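J.: Using this note's numbering, the letters of the sequence shown correspond one by one to residues 273 to 397.
The structure that follows is given in the form of structure tokens.
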Amino acid sequence: MSDNRIKIQIGDISISCILNETSTANTVYSQLPIDGTANTWGDEIYFSTQISLDNEEDASDVVESGSLAYWPPGNAICIFFGRTPASIENESRAASPVTVFGHVEGDEHILRSIKSGSSVHLEVE
273 MSDNRIKIQI GDISISCILN ETSTANTVYS QLPIDGTANT WGDEIYFSTQ ISLDNEEDAS
333 DVVESGSLAY WPPGNAICIF FGRTPASIEN ESRAASPVTV FGHVEGDEHI LRSIKSGSSV
393 HLEVE
């Protein structure tokens with residue numbers, strides 16, 4: 273999988289993302305399209321999926337802003353764009369370790385206007 277791109281539509285905001293070359297990214301890509309309902313936790317949006325995976329070896333609870341990640345306890349895809357309630361200083365910190373499988377292309381901070389309950393749609397770009 274080289275330079276696989278996806279589009280994520282949340283409410284009326286659309287973002288482009290580039291997936292990493294990992295087994296988690298391959299699994300997510302193979303399940304597209306994916307629909308869900310957004311939950312927010314500070315500057316993180318997450319939504320449950322039908323995907324059930326374990327974390328990869330490099331899983332971490334601290335990620336870069338703009339990261340797309342998979343969170344096993346919630347079978348959830350997460351999009352980080354700033355601080356969460358678990359953050360220390362200015363880091364993006366998940367509730368527990370996540371596997372990063374891609375990143376937002378462009379300014380992820382446009383997601384700050386998204387509210388819990390918004391519809392989420394992921395598709396091949």
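The C-beta atom is built at its ideal place from N, Cα and C for all residues, glycine as well.
Quantities reported herein were computed from a predicted structural model and do not represent experimental measurements.
What would DSSP say about M273, mapped onto helix, strand or coil?
T.: Counting from one through the sequence shown, the residue named residue 273 turns up at place 1. With a pLDDT of 45 at M273, under the threshold of 50, the modelled position of this residue cannot be trusted, and the question is left open.
J.: CB-CB under 6 Å to M273, same chain, minus the five flanking residues each way: which ones, in chain order?
T.: As a first step, residue 273 must be located in the sequence shown, where it is residue number 1. Confidence in M273 is poor, its pLDDT being 45 and thus under 50, which makes the residue's placement unreliable; the coordinate value appears in the next sentence. Result list for M273: E293 and N298, in chain order.
J.: Taking the beta carbon of S364 as the centre, do at least 16 other beta carbons fall within 10 Å, making it buried, or is it exposed?
T.: The count along the sequence shown starts at 1 and reaches residue 364 at position 92. That one is buried.
J.: Do G308 and T321 have their beta-carbon atoms positioned less than 8 Å apart in this structure?
T.: The count along the sequence shown starts at 1 and reaches residue 321 at position 49. The count along the sequence shown starts at 1 and reaches residue 308 at position 36. A contact, by the Cβ cut-off of 8 Å.
J.: Reducing DSSP to helix, strand and coil, say where T296 ends up.
T.: One-based indexing of the sequence shown puts residue 296 at position 24. Helix, per DSSP.
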